[in-house]
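K.L.:
Going by numbering that gives the first Met the number 0, 352 is the number at position 353 of the sequence shown; the sequence numbering is gapless.
Just so it is clear, CB atoms sit at the ideal spot from N, CA and C, and this is done for glycine as well.
Below is one structure. I have some questions about it.
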Amino acid sequence: MIKKILTMVCFAIMFTVAGNWIQKVQAESVTDIQTPHTTQHDYPTLQGNFLSITSQLNRVSKTIQANDLEIKNIKSERKQAKTEVKQLEKELRSLTKDMDKRKSILRERARSYQQTDKHIAYLDVLLGATSLSDFVDRVGAVAAIAEADQDLLEQQETQQQEYNRKKISLEKKLTDLKTMKRKIETVSSNLKKQEIEYEMLREQHKKKIRNKEKVKINSKEKDNKKGETYINVASENVSDYIGTVINAGHKYVGNSVYVLGGGRNKDDIARGRFDCSGFVHWAFAQAGIEIGTSTSTIKNDGRQVSPEDIRPGDLVFFDTYKKDGHVGIYLGNGKFIGSQSSTGVAVADMTKGYWKNVFKGRVVRI
Numbered sequence: 000m001i002k003k004i005l006t007m008v009c010f011a012i013m014f015t016v017a018g019n020w021i022q023k024v025q026a027e028s029v030t031d032i033q034t035p036h037t038t039q040h041d042y043p044t045l046q047g048n049f050l051s052i053t054s055q056l057n058r059v060s061k062t063i064q065a066n067d068l069e070i071k072n073i074k075s076e077r078k079q080a081k082t083e084v085k086q087l088e089k090e091l092r093s094l095t096k097d098m099d100k101r102k103s104i105l106r107e108r109a110r111s112y113q114q115t116d117k118h119i120a121y122l123d124v125l126l127g128a129t130s131l132s133d134f135v136d137r138v139g140a141v142a143a144i145a146e147a148d149q150d151l152l153e154q155q156e157t158q159q160q161e162y163n164r165k166k167i168s169l170e171k172k173l174t175d176l177k178t179m180k181r182k183i184e185t186v187s188s189n190l191k192k193q194e195i196e197y198e199m200l201r202e203q204h205k206k207k208i209r210n211k212e213k214v215k216i217n218s219k220e221k222d223n224k225k226g227e228t229y230i231n232v233a234s235e236n237v238s239d240y241i242g243t244v245i246n247a248g249h250k251y252v253g254n255s256v257y258v259l260g261g262g263r264n265k266d267d268i269a270r271g272r273f274d275c276s277g278f279v280h281w282a283f284a285q286a287g288i289e290i291g292t293s294t295s296t297i298k299n300d301g302r303q304v305s306p307e308d309i310r311p312g313d314l315v316f317f318d319t320y321k322k323d324g325h326v327g328i329y330l331g332n333g334k335f336i337g338s339q340s341s342t343g344v345a346v347a348d349m350t351k352g353y354w355k356n357v358f359k360g361r362v363v364r365i
């Protein structure tokens, strides 16, 4: 379905898109992309734009396929985890049953010892021997009973420790399952949004095509610069290395795709395949600065500062599918750059809309 929609969008755009349709800054979502007004194109320019658009749509298509695969992988991991949980629960039930039996035996022994002095009872057993051979046998029997009591106590303690260890393991497994479920829901939600947005874009261009067919275009081609948007990073308090970090990231704006776990190898980097933390890690590495590769490690690499003291180059965190689930690099003037699941690497505004709602004030300075 998604592949069909993308193909139709591609052909619709071929007849309607003008010179500088590919903006230098990718919008926060597909429907935020603005197509500048144009009057005429010669064939080479039209063909060049078509190839550029096709390339970008192919990247988006591959991202969707990669995300679909990731969802399948997570579901498979979740299924395996559930199997392990069931096995752990079974083992815990068995352990509990064995422990209850031993507790019952030990309670009976304790009750028996309370009713009579066990040392006297042991002495009676020994003095009741009828021969030396019988005495030796009775000594062995008494020793065996005492040793059995000690073994029961040790087994009880060992199984109690094993019970506690497996209980902790089970609780961790259940927590991991919950986290995986949130990841699946987040990825699925983003894919559905992309599907809806591309459908809307397709309908918009179909309408433009119908209007375009009513007009005969004879004017000469004119360059239209209105479609270009340049990003100016606020210059206050920006050190040299921060400038390197920010400038390195801009080359992937409008030229990348979001992939869970992306940006950790040369192939992903060459193809512009990043997730949020992979992109931030790579950008800082361009300035020779080594930071973590996940939001949970990155947020502890620097020091937390107040949102009122935020400046370009600081890392901003957002509570998306979990607390501090997304990270980006602050540019200034309320903007940040990051790899967003709906756009790939893009500049977004954290002073309004979705990003404003999920920003809870965590700012980290490396």
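Specify the secondary structure class of Y320 as computed by DSSP and reduced to three states.
P.N.:
It is coil, neither helix nor strand.
K.L.:
What's the C-alpha gap between G352 and F358?
P.N.:
So the alpha carbons of these two residues sit roughly 10 angstroms apart.
K.L.:
How would you label N163, buried or exposed, when you count the other beta carbons within 10 angstroms and need 16 or more for buried?
P.N.:
Its Cβ having fewer than 16 others within 10 Å, N163 is exposed.
K.L.:
Since F273 and S255 are thought to touch, with beta carbons under 8 angstroms apart, how far apart are those beta carbons, to the nearest angstrom?
P.N.:
Contact flag correct, Cβ pair sits at about 6 angstroms.
K.L.:
Which of the three DSSP states is assigned to R361 in this structure?
P.N.:
DSSP places R361 in strand when its eight states are reduced to three.
K.L.:
If you run the structure through DSSP and keep just helix, strand and coil, what is N217?
P.N.:
In this predicted model, N217 has a pLDDT of only 42, less than 50, meaning its place in the structure is not dependable; the value taken from the coordinates is given anyway. It is coil, neither helix nor strand.
K.L.:
Are V344 and G248 closer than 9 angstroms when you measure CB to CB?
P.N.:
Yes, they are a contact pair.
K.L.:
Do R181 and K71 have their beta-carbon atoms positioned less than 9 angstroms apart in this structure?
P.N.:
In this structure, R181 does not lie closer than 9 angstroms to K71 by Cβ.
K.L.:
Drop a sphere of 10 angstroms on the beta-carbon of Q159, count the other beta-carbons inside from all chains shown, and report buried for 16 or more, exposed for fewer.
P.N.:
Exposed, since its Cβ has fewer than 16 Cβ neighbours within 10 Å.
K.L.:
At which residues does the beta strand (DSSP E) containing S255 begin and terminate?
P.N.:
Looking at the DSSP string, S255 is not in any beta strand (DSSP E), and its letter there is neither H nor E.
K.L.:
Under 8 angstroms by Cβ, that's how I've got T350 and G333 pegged, so tell me the actual separation to the nearest angstrom.
P.N.:
Right, the Cβ-Cβ distance comes to about 4 angstroms (below 8 angstroms), so this counts as a contact.
K.L.:
Would DSSP call S234 helix, strand or coil?
P.N.:
The predicted position of S234 is uncertain, since its pLDDT is 44 and thus under 50; no value can be drawn from it.
K.L.:
Give a yes or no on whether the C-beta atoms belonging to M258 and I73 are separated by under 9 angstroms.
P.N.:
Position check: residue 258 holds Val in this sequence, whereas Met was assumed. Not in contact: V258 and I73 (Cβ atoms no closer than 9 angstroms).
K.L.:
Would you call A269 buried or exposed, if buried means 16 or more other Cβ atoms sit within 10 Å of its Cβ?
P.N.:
That one is exposed.
K.L.:
Helix, strand or coil for S305, going by three-state DSSP, please let me know.
P.N.:
Three-state DSSP puts S305 in coil, outside helix and strand.
K.L.:
Using three-state DSSP, classify Q339 as helix, strand or coil.
P.N.:
Here Q339 sits in strand by DSSP.
K.L.:
Using a Cβ-Cβ cutoff of less than 6 angstroms, which residues in the same chain neighbour K191 once the five nearest sequence positions on both sides are dropped?
P.N.:
Here the set comprises nothing.
K.L.:
So which of T296, L68, E153 and E170 has the shortest CA-CA distance to N80?
P.N.:
In the sequence as displayed, the identity of residue 80 is Ala instead of Asn. Among T296, L68, E153 and E170, the Cα nearest to that of A80 belongs to E170.
K.L.:
Quick check on the DSSP output: the beta strand (DSSP E) that includes I297 runs from which residue to which?
P.N.:
Taken as a continuous stretch (DSSP letters only), I297 belongs to no beta strand (DSSP E), being part of the alpha helix (DSSP H) at T294 to I297.
K.L.:
Expressed to the nearest angstrom, what Euclidean distance is found between the alpha-carbon atoms of N246 and K89?
P.N.:
Between N246 and K89, the C-alpha separation is close to 56 angstroms.
K.L.:
Please check if any C-beta of chain C sits within less than 9 angstroms of the C-beta of S75.
P.N.:
Of the protein chains in this structure there is only one, and it is not chain C.
K.L.:
Could you tell me the distance, in whole angstroms, from the CA atom of E153 to the CA atom of E83?
P.N.:
Whole-angstrom Cα-Cα distance: 28 angstroms.
K.L.:
Is the separation between the beta-carbon of R77 and that of I183 shorter than 9 angstroms?
P.N.:
Yes, Cβ-Cβ distance for R77 and I183 is below 9 angstroms.
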